[in-house]
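Just so you know, we're using the numbering used here here: the sequence shown kicks off at 3 and counts up by one.
Here a beta-carbon is modelled for each residue, glycine too, at the ideal position from N, C-alpha and C.
Working notes, beginning with the structure itself.
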Amino acid sequence: MKMKVSEVMTTRVVTVEMDDRLTVVKEILDCAPFRHLLVIEDEELQGVISDRDLLRSLSPFLGTDAESVRDTATIKQRAHQVMTRNPTTINGGMLVRDALRLMLEQNIGCLPVLDNGRIRGILTWHDGVRALLDE
Numbered sequence: 003m004k005m006k007v008s009e010v011m012t013t014r015v016v017t018v019e020m021d022d023r024l025t026v027v028k029e030i031l032d033c034a035p036f037r038h039l040l041v042i043e044d045e046e047l048q049g050v051i052s053d054r055d056l057l058r059s060l061s062p063f064l065g066t067d068a069e070s071v072r073d074t075a076t077i078k079q080r081a082h083q084v085m086t087r088n089p090t091t092i093n094g095g096m097l098v099r100d101a102l103r104l105m106l107e108q109n110i111g112c113l114p115v116l117d118n119g120r121i122r123g124i125l126t127w128h129d130g131v132r133a134l135l136d137e
């Protein structure tokens, strides 16, 4: 497989700011067909939040009769409090096969694609598998 990441990555990347509250993150992930958000500050990548990071951070009692003040506080956390910092990144010239191998080795679900520090896209398992099947 000689396909490059730039040919198959998702270029419509949704970002949130470091200080955005988890209410914003949850709203986006609940409505969107994807599972990762990039966290930025001054246009630069700072971290990644996955739907699993969000689930781990929120109280399971939110929105139930058992909800307490402490449960409500979990949704008021900020993006930078739950994001994965210094995420592994790649450039668009990397082969899809190598990117998928990297994701497997590091047990991660996405790779932000950067070009000279600028966000160009994101490669997910979904993108990689689709590329393999299309070949």
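Secondary-structure assignment with DSSP links G94 through no beta bridge to anything. In this structure the segment 64 to 73 does not touch the segment 39 to 56; the number of beta carbon pairs closer than 8 Å is below three. Straight-line spacing of the CA atoms in I51 and H38 works out to 6 Å. Under the criterion of beta carbons closer than 8 Å, R80 and D22 qualify as touching, at roughly 7 Å.
DSSP places D21 outside any alpha helix (DSSP H), giving it a letter other than H or E.
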